[in-house]
Structures are given as structure tokens and as C-alpha cells.
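Participant: Provided herewith is a single structure, encoded as C-alpha cells, for subsequent inquiry.
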Amino acid sequence: MSVIKIAIKNLLHQPLAPILSILLIGLSVAMIVFSVRLNQQVEKRFNDNLADIDLILSAKGSPLQSVLCNLFHIDAPTGNIAIEDAIPHLREDHPFIETAIPLSLGDNYQGNRIVGTTLAFYDHYELELAQGRMIETNNEVIIGSTVAKERNLQLGDHFVSGHGIRDEGFEHDHGGELEVVGIFSPAGMITDHLIFTNPSTVWAQHEHDEESFLSTPVVLSTRDLSKYPDHEITSVLITFTGKSMQILNFGRNINEHTKIMAADPAIEINRLYQLMGAGFDITRLLAYAILIISLISIFLSQLMNLKNRIRDMAVIRMLGGKRSDVLKIIVFESLLIGITGILLGYLFTFLGITKTNQWMQESYQVSIPFLTVSSAEWGMVVLILIVCLVAALLPAFRLYKVNLYESLNQDL
Amino acid sequence: MNLKTSQLSIKYKNSTLLRFPDLELKAGERILIKGPSGCGKTSWLYALCGIIPLHSGKIMVGDVEFSTLPIVEKDRFRARNFGLIFQEARLLPSLTVNENVQLATNFISPKEVATQIPEILCLLDLEKVKNKKIGQISSGEKQRTTIARVLLQKPSFILADEPTSALDDQRTEDVINLLIQSAKTINAGLIVVTHDLRLDPYFSQKMDLS
Chain A
9 MSVIKIAIKN
19 LLHQPLAPIL
29 SILLIGLSVA
39 MIVFSVRLNQ
49 QVEKRFNDNL
59 ADIDLILSAK
69 GSPLQSVLCN
79 LFHIDAPTGN
89 IAIEDAIPHL
99 REDHPFIETA
109 IPLSLGDNYQ
119 GNRIVGTTLA
129 FYDHYELELA
139 QGRMIETNNE
149 VIIGSTVAKE
159 RNLQLGDHFV
169 SGHGIRDEGF
179 EHDHGGELEV
189 VGIFSPAGMI
199 TDHLIFTNPS
209 TVWAQHEHDE
219 ESFLSTPVVL
229 STRDLSKYPD
239 HEITSVLITF
249 TGKSMQILNF
259 GRNINEHTKI
269 MAADPAIEIN
279 RLYQLMGAGF
289 DITRLLAYAI
299 LIISLISIFL
309 SQLMNLKNRI
319 RDMAVIRMLG
329 GKRSDVLKII
339 VFESLLIGIT
349 GILLGYLFTF
359 LGITKTNQWM
369 QESYQVSIPF
379 LTVSSAEWGM
389 VVLILIVCLV
399 AALLPAFRLY
409 KVNLYESLNQ
419 DL
Chain B
471 MNLKTSQLSI
481 KYKNSTLLRF
491 PDLELKAGER
501 ILIKGPSGCG
511 KTSWLYALCG
521 IIPLHSGKIM
531 VGDVEFSTLP
541 IVEKDRFRAR
551 NFGLIFQEAR
561 LLPSLTVNEN
571 VQLATNFISP
581 KEVATQIPEI
591 LCLLDLEKVK
601 NKKIGQISSG
611 EKQRTTIARV
621 LLQKPSFILA
631 DEPTSALDDQ
641 RTEDVINLLI
651 QSAKTINAGL
661 IVVTHDLRLD
671 PYFSQKMDLS
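Read top to bottom, the protein sequences are chains A and B.
For the first sequence, position 257 (counting from the first letter as 1) is numbered 265 according to the working numbering, and the numbering increases by one without interruption.
For the second sequence, position 154 (counting from the first letter as 1) is numbered 624 according to the working numbering, and the numbering increases by one without interruption.
Written as C-alpha cells, this is what we have:
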């Protein structure tokens with residue numbers, strides 16, 4: 009019978025304390041792993057979807073809301089802006105602006121947002137058609153790969169859009185059906201979850217009678233958009249030609265002297281990330297506190313069990329075992345608790361990911377990976393095993409100093 | 471194999487020196503070590519098997535001067551040559567009867583010896599309780615489990631410390647007969663240390679420590 013088997017038997021003999029320690033370790037591991045993976049995923053998502061956009065022009069309101077809405081598509085628009093106000097920034101010959109991408113938001117299909125935009129968007133995000141063609145007239149859409157998959161949409165399919173950025177069941181009465189004319193290849197970004205159309209389709213969808221719908225102009229390019237200063241869009245995504253003092257003051261000038269708001273995505277996301285980061289840090293701190301409690305419980309249960317250990321050591325030594333055999337048993341017990349706790353923690357994590365991934369995907373377009381183990385997680389695993397080892401070593405050391413005569417004279 | 475001691479003495483922590491008479495015992499022989507409580511019988515037994523360090527004297531087991539071996543070697547030599555039985559059984563409570571007996575093969579005896587476990591359990595009437603934990607069996611069964619372990623260990627000498635002092639007459643007879651029979655089975659020398667006068671008739675060789 010190996011010392012590992014004896015260690016397992018010992019744990020099963022009085023299982024309450026080990027089970028408690030295992031549960032505590034499992035809980036803290038799950039909290040740490042979940043928090044680390046979510047943190048990494050959110051950070052990656054944020055970085056991927058920033059897409060080098062330098063500034064967002066939108067209706068005045070919360071800059072963070074504007075960034076979340078227009079870049080990440082997880083919040084409501086701050087309102088609309090008149091094209092008249094945006095025209096100066098849509099000029100192709102603007103000295104500071106390299107790209108200006110208009111966005112018109114406000115509709116959805118079964119929860120997937122419909123984005124009215126121009127070719128400039130597809131060029132900037134490097135979206136490629138997997139099937140079909142580009143939009144040529146109103147009421148045509150190109151869908152992201154995830155939309156095609158989840159909504160089971162194919163080329164030539166028709167659907168009626170809903171009003172609002174969430175699926176609340178309000179369909180447009182006079183906007184006519186939208187036709188899928190293209191499907192983008194997967195890009196691994198939020199764009200996979202969006203439905204794209206031209207800006208004037210969004211206007212057409214919001215007309216209140218058949219006549220107005222039919223008379224809606226067809227706008228396909230940013231240049232054409234400037235011909236309709238009395239219409240509205242939601243925002244303009246801007247990239248700059250470079251960096252200069254004038255460019256640095258560009259956003260501030262807009263905020264101080266125009267009716268529209270300029271939001272810097274990098275600054276807003278950094279602010280948001282600091283807030284979220286604090287949440288992640290607190291979660292991790294709590295998890296490590298639970299971990300410390302569980303390791304103290306291992307240490308105390310080993311220490312309280314010392315008398316039994318001394319008696320066991322007498323038996324093992326009388327049968328030719330060494331003191332080190334007893335020490336191995338104590339260390340194995342402690343490591344077994346640690347390893348089982350870690351495995352249980354990962355089981356909790358997988359269950360948690362399974363339960364929450366769909367909701368997180370739908371709400372925030374973030375999904376936590378199952379199998380990617382980061383260096384931070386490996387560090388946690390090693391740390392737990394080392395601390396388990398340390399928790400076993402003090403009782404083991406005390407035991408090592410007891411001689412056979414003393415151990416035989418322990419009260420039974 | 472012979473066991474021979476000469477001029478053994480031990481020293482307690484309070485500096486009391488205890489001297490013991492010499493002993494010579496051959497394989498298959500048995501001896502009763504008598505004396506009143508507190509006269510040092512258990513200390514002598516512990517000294518004999520190297521659990522208490524000697525102040526003076528030497529212990530020869532066959533050709534080996536056991537008393538001078540280093541601790542690790544002494545532990546292994548003891549496990550090979552001395553089977554210890556106490557008044558209260560020393561067993562691992564987390565293991566079953568079968569596993570406790572099997573433990574004898576864990577560190578010293580060759581693993582093949584484990585094939586004899588069913589036979590030994592049968593001999594000591596432990597078959598029915600072989601899968602029970604130590605906390606689930608009677609004190610008599612615990613005692614027999616210890617003896618079963620010693621039988622599997624096949625030591626040259628069986629040392630029993632007060633094996634019957636808390637037992638009634640019938641159980642005393644059962645236990646001492648079992649010990650004598652077990653020693654015969656493996657041709658081991660048997661040393662019983664006791665203050666129990668009821669054991670006198672079972673031994674021709676006796677030594678009084680009083």
C-alpha cells in the first residue's frame with residue numbers, strides 16, 4: 009500500500025475538515041480564474057474594437073456612453089446630430105481627418121443592431137464579403153457572420169427591422185422589408201454581431217407613411233450624405249492624419265464651440281477600465297482572502313491531528329517505515345486537498361462559464377474561453393500548491409522531532 | 471536465531487539508572503518476564519528492541535550487534551526481527567483490518583508475503599471483519615489484528631507487553647494460547663512481559679525483574 013493511498017484513506021476517514029478546505033480552495037480558484045479570464049477577455053474586446061478610432065462625434069451627453077454605443081454597441085445613443093453640424097468634419101479634404109465614418113443607429117433585428125453607414129466603415133474595419141455583394145440601394149443589408157449563424161439568415165432572405173437598439177417587439181410599419189444581399193466573413197470583432205445598411209435605409213425605416221418611404225433618397229457614400237444637411241445621423245467615427253497640437257485640441261474645440269460632442273475612445277475606455285479593474289481587483293482580493301482562510305484551515309486541521317499522526321508514526325516505524333514516510337503522508341494529504349480544490353475550482357469555473365457565456369455574448373459580445381490557461385492562472389496553481397506544502401511542513405517538522413518512545417507513549 | 475543481552479542498563483531523564491539481568495533466548499523458545507507494576511518491565515522491553523537507547527550493555531541478535539546500529543537501520547532491523555504486541559492494539563484507524571495487516575508488507579517484508587493474508591485472517595477468525603475499519607471492531611478483534619500483522623511480518627521474536635492484564639480468565643487463556651501458537655507457527659521466540667500471575671503456567675522459562 010503506497011503512502012498516497014494511506015493519505016487518501018486518512019482524508020476519507022475524517023472527511024469534514026478536508027471537504028471544507030477543498031470547497032474553500034475551489035471557491036477561491038473559481039473566483040480568481042473567472043475574474044482573470046473575464047478581465048483578459050474584456051480587455052481584449054475593448055482593444056480589438058477600438059479599431060484605431062481617434063474621436064467620436066455625437067450628440068452631447070455622456071462621452072463614455074457615446075463610446076460604448078458607437079464603438080462597442082452596448083449602450084444607447086446619446087441622441088442624433090444634424091448632418092449640417094457634421095458636414096465640416098465629413099469633408100474629404102479636411103486637413104486633420106483621414107477617415108470620417110458616419111453611423112446611423114436606432115434599429116435592430118431580434119436584438120442585433122442595424123448600423124447605417126457607408127463604404128468607409130467596411131474599408132476601415134477591413135470587412136470582407138464572404139457571400140453576396142455590396143449595398144446598391146435602400147433596404148438592402150449585409151450581415152455579420154454571427155448574425156447569419158444565430159438568426160439563420162441567408163442571401164435573399166427578407167426581414168422587418170424593429171425600432172430601438174434592443175429587441176422590444178416594435179416593428180416598423182412603413183419601412184418595408186430589408187433584404188440580405190451580403191454576408192461578411194468573420195472578423196472576430198463586434199462587427200460580426202451587426203447588420204449593416206446604408207444611412208438612408210435608416211431614414212426610410214423611420215418614415216411614417218408609404219409616400220415618404222418611397223421618396224427617401226438613396227445615400228451610399230459619405231460624400232452623398234453631405235447633400236442632405238437637414239437629415240440626422242447618430243455619430244461620426246474619426247481617425248486623424250497624425251498627431252499635432254491642433255489635433256490634440258481638435259476635440260476640445262468641438263466640445264467648446266459646436267452643438268456636438270467629441271469623445272476620445274482611448275481616454276473613456278481607460279477610465280472605464282480603471283473602474284472595472286477595481287472591481288476585478290476586489291474580486292481577486294476576496295478570492296485570495298478565501299484562499300488564505302482555506303490554507304489556514306488545512307494547517308490547523310493538520311496541527312490538531314498531530315496526536316493521531318504521532319500514533320500513526322509509531323505504527324509505521326514499528327513496521328520498518330521511516331519518519332519520512334509519515335512526513336510524505338502529511339504532505340500528500342495537504343497536496344491532495346490543494347489539487348482537488350484546484351480541480352473543483354476549475355469545474356466551478358467551467359460551470360460558471362457555461363451558464364453565463366450566452367448571456368454575456370448577447371449582452372456584451374464577450375465570451376470567456378474554456379481552455380486557455382494564462383500565466384496568471386499557472387502562477388495561482390503553483391502558489392496554492394506551495395502554500396499547501398508550507399501548511400503541511402510545520403506539523404510535519406514537529407512530528408519529525410518526536411522519537412519512537414514518545415510516540416509509543418501517546419495516549420490512545 | 472539467538473537473542474542475547476549482556477549488562478543492559480538505561481538511564482531515565484531524571485538520571486535514575488536501571489540495570490537489567492542478562493537474557494538468552496533461542497528461536498522457538500518462550501520466556502515470561504515478570505515483575506510488579508513500575509519495576510521497569512516495559513522499559514526493558516523497549517530497550518530490548520531499541521526503542522529506548524541503552525546507557526550500557528549490548529544486544530546481539532544472531533551475529534548482529536543490534537544496539538549499535540544507526541537509527542534508520544535499527545528501525546528496519548527491528549521491523550524484520552521483532553514483532554511488537556501491546557496491551558492496546560496499535561493500528562491505523564483510517565485503514566480496514568485487511569489493510570492494517572497488509573501494512574506489515576509495506577516497508578520491509580517482500581510484497582509476495584501479502585498472498586498469505588487470507589490464510590492468516592482465516593486462522594485468527596478475522597475474515598468476517600476484514601473490510602471493517604478499526605473503529606468498528608471489538609478490542610479482541612483489534613488484538614487479533616495486531617497478532618495477524620505480526621504473523622505476516624514473520625519476525626524472529628515476538629515481544630508482547632501486558633497482553634492480558636485487562637482481560638478476564640477465558641480471554642486471557644485465548645490470547646496467550648494464540649500468542650504461543652502464533653510464535654510456533656513462524657518459529658519465533660516469544661517474550662511476554664507482564665505482572666499477570668495467570669500466565670505463569672504457560673512458561674517454563676521465567677525472569678523476575680522485581
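All residues carry an ideal CB built from backbone N, CA and C; glycine is no exception.
Computed from a predicted model, the values in this text were never measured in an experiment.
#1: Alpha carbon to alpha carbon, how far is residue 411 of chain A from residue 635 of chain B? Give it in angstroms, no decimals.
#2: Applying a beta-carbon distance threshold of less than 9 angstroms, which residues of chain A neighbour residue 549 of chain B?
#3: In chain order, what residues of the segment 582-601 of chain B put their CB closer than 7 angstroms to some CB of chain A?
#4: Closest to residue 330 of chain A by C-alpha separation, out of B:558, B:660, B:542, B:624, would be which residue?
#5: What is the DSSP secondary structure of residue 674 of chain B, counted as helix, strand or coil?
#6: Below 7 angstroms CB to CB, which residues in the same chain sit around residue 382 of chain A once its five sequence neighbours on both sides are set aside?
#7: Looking at chain A, which residues of the segment 529-549 of chain B have a Cβ within less than 8 angstroms of any of its Cβ atoms?
#8: Is the beta carbon of residue 71 of chain A sitting closer than 8 angstroms to the one on residue 274 of chain A?
#9: Taking residue 613 of chain B as the reference, which of B:601, B:649, B:662, B:496 has the closest Cα?
#10: Does the pairing of the segment 621-628 of chain B with the segment 562-576 of chain B give three or more beta-carbon distances under 8 angstroms?
#11: Against chain B, does residue 420 of chain A count as a neighbour if the rule is that its beta carbon must be under 8 angstroms from one of theirs?
#12: Exposed or buried, which one is residue 193 of chain A when buried takes at least 16 other CB atoms within 10 Å?
#13: Kindly give me the distance between the Cβ atoms of residue 425 of chain A and residue 226 of chain A, rounded to whole angstroms, as I take these residues to be in contact under 8 angstroms.
#14: Which chain B residues are close to residue 322 of chain A, counting only those with a beta carbon under 8 angstroms from its beta carbon?
#15: What runs of the alpha helix (DSSP H), each 4 residues or longer, lie entirely inside the segment 326-381 of chain A?
#16: Please decide whether residue 4 of chain A counts as near chain B, where near means a Cβ-Cβ distance under 8 angstroms.
#17: Which bits of chain A does residue 521 of chain B rub up against, with CB to CB less than 8 angstroms?
#18: Which residues in chain B sit within 7 angstroms of residue 17 of chain A, going by Cβ to Cβ distance?
#19: May I ask you to verify whether the segment 597-605 of chain B touches the segment 554-571 of chain B, counting CB pairs closer than 8 angstroms and requiring at least 3?
#20: Are three or more beta carbon pairs between the segment 248-261 of chain A and the segment 54-61 of chain A nearer than 8 angstroms?
#21: Residue 334 of chain A and residue 321 of chain A - do their beta-carbons sit closer together than 8 angstroms?
#22: Identify the residues that DSSP records as bridge partners of residue 151 of chain A: which are they?
#23: Would you mind reading off the limits of the beta strand (DSSP E) that contains residue 496 of chain B?
#24: Since residue 312 of chain A meets chain B, which of its residues come closer than 7 angstroms, beta carbon to beta carbon?
#25: Per the DSSP calculation, residue 535 of chain B is bridged to which residue(s)?
#26: Any C-beta of chain B sitting closer than 8 angstroms to the C-beta of residue 28 of chain A?
#27: Does the structure place the segment 133-141 of chain A close enough to the segment 191-206 of chain A that three or more beta carbon pairs sit under 8 angstroms?
#28: Identify the contact partners of residue 21 of chain A in chain B, using a Cβ-Cβ distance below 7 angstroms as the criterion.
#29: Helix, strand or coil for residue 313 of chain A, going by three-state DSSP, please let me know.
#30: What in chain B is Cβ-close to residue 9 of chain A, meaning under 9 angstroms?
#31: For residue 554 of chain B, go through chain A and note every residue whose CB falls closer than 7 angstroms to its CB, in chain order.
#32: For the segment 487-506 of chain B and the segment 389-396 of chain A, state whether three or more C-beta atom pairs, one from each stretch, are separated by less than 8 angstroms.
#33: Taking the alpha carbon of residue 148 of chain A as the reference point, which residue from A:360, A:166, A:201, A:17 has its own alpha carbon closest?
#34: Which residues, in chain order, does the segment 492-523 of chain B contribute to contact with chain A at a C-beta distance below 8 angstroms?
#35: Where does residue 288 of chain A sit, in a helix, a strand or coil, going by DSSP?
#36: Can you tell me where the beta strand (DSSP E) holding residue 269 of chain A begins and where it ends?
Facilitator: Taking the structure as given:
#1: Residue mapping note: residue 635 of chain B aligns to position 165 of the second sequence, counting from 1. Residue mapping note: residue 411 of chain A aligns to position 403 of the first sequence, counting from 1. Straight-line Cα distance between these residues: approximately 26 angstroms.
#2: For the purposes of this step, residue 549 of chain B is taken as the residue at position 79 of the second sequence. The answer, in chain order, is 325, 326, 327, 328, 329.
#3: none
#4: Your numbering for residue 330 of chain A matches position 322 in the first sequence. Answer by Cα proximity: B:542.
#5: As a working mapping, residue 674 of chain B is identified with position 204 in the second sequence. Reduced to three states, the DSSP call for residue 674 of chain B is coil.
#6: Sequence index remark: in the first sequence, residue 382 of chain A carries index 374 (1-based). Correct list, in chain order: 44, 48.
#7: 542, 545, 546, 548, 549
#8: Position 63 of the first sequence, counted from the start, is the residue given in the question as residue 71 of chain A. Position 266 of the first sequence, counted from the start, is the residue given in the question as residue 274 of chain A. No, they are not a contact pair.
#9: Translated into positions along the second sequence, residue 613 of chain B becomes position 143. Answer by Cα proximity: B:649.
#10: yes
#11: Within the first sequence, residue 420 of chain A is the residue found at index 412, counting from 1. In this predicted model, residue 420 of chain A has a pLDDT of only 40, less than 50, meaning its place in the structure is not dependable; the value taken from the coordinates is given anyway. It does: the Cβ of residue 420 of chain A has a partner Cβ on chain B nearer than 8 angstroms.
#12: The sequence position of residue 193 of chain A within the first sequence is 185, counting from 1. Residue 193 of chain A is exposed by the Cβ-count criterion.
#13: The question about residue 425 of chain A has no answer, for chain A in this structure spans 9 to 420.
#14: Here residue 322 of chain A refers to the residue found at position 314 of the first sequence. Here the neighbours are 560.
#15: 331-372
#16: Absent from the model: residue 4 of chain A. The displayed extent of chain A is 9 to 420, so no value can be given.
#17: Residue 521 of chain B sits at position 51 when you count from the first residue of the second sequence. Going along chain A in sequence order, the residues near residue 521 of chain B (Cβ under 8 angstroms) are 412, 413, 416.
#18: Working through the first sequence from its first residue, we reach residue 17 of chain A at position 9. Under the 7 angstroms cutoff, chain B gives 564, 565.
#19: Two segments are said to touch when three or more pairs of C-beta atoms, one from each, lie closer than 8 angstroms; by this definition the segment 597-605 of chain B touches the segment 554-571 of chain B.
#20: no
#21: The residue labelled residue 321 of chain A in the question sits at position 313 within the first sequence. The residue labelled residue 334 of chain A in the question sits at position 326 within the first sequence. In contact: residue 321 of chain A and residue 334 of chain A (Cβ atoms closer than 8 angstroms).
#22: Numbered from 1 along the first sequence, position 143 holds the residue referred to as residue 151 of chain A. Its beta-bridge partners are A:191, A:203.
#23: If you number the second sequence from 1, residue 496 of chain B lands on position 26. Here the beta strand (DSSP E) through residue 496 of chain B covers 493-496.
#24: On the first sequence, position 304 is the one that residue 312 of chain A refers to. Those do not exist, as residue 312 of chain A stays about 15 angstroms from chain B at its closest Cβ, beyond 7 angstroms.
#25: As a first step, residue 535 of chain B is located in the second sequence; it is residue number 65 there, counting from the start. In the DSSP output, where bridge partners are listed per residue, residue 535 of chain B has B:530.
#26: By one-based count along the first sequence, residue 28 of chain A stands at place 20. Output row for residue 28 of chain A: interface = no.
#27: yes
#28: The sequence position of residue 21 of chain A within the first sequence is 13, counting from 1. Those within 7 angstroms of residue 21 of chain A in chain B are 563, 564.
#29: Residue numbering aside, residue 313 of chain A sits at position 305 when the first sequence is read from its first letter. It is coil, neither helix nor strand.
#30: As a working note, residue 9 of chain A is residue 1 in the first sequence. Chain B residues near residue 9 of chain A: 565, 569, 572, 573, 575, 576.
#31: Residue mapping note: residue 554 of chain B aligns to position 84 of the second sequence, counting from 1. The contact set of residue 554 of chain B on chain A, defined by CB atoms closer than 7 angstroms, consists of 326 in chain order.
#32: no
#33: Start at 1 with the first residue of the first sequence, and residue 148 of chain A comes out as number 140. Nearest C-alpha to residue 148 of chain A: A:166.
#34: 516, 521, 522
#35: Position 280 of the first sequence, counted from the start, is the residue given in the question as residue 288 of chain A. Residue 288 of chain A falls in the helix class under three-state DSSP.
#36: Position 261 of the first sequence, counted from the start, is the residue given in the question as residue 269 of chain A. Run containing residue 269 of chain A: 268-271, per the beta strand (DSSP E) assignment.
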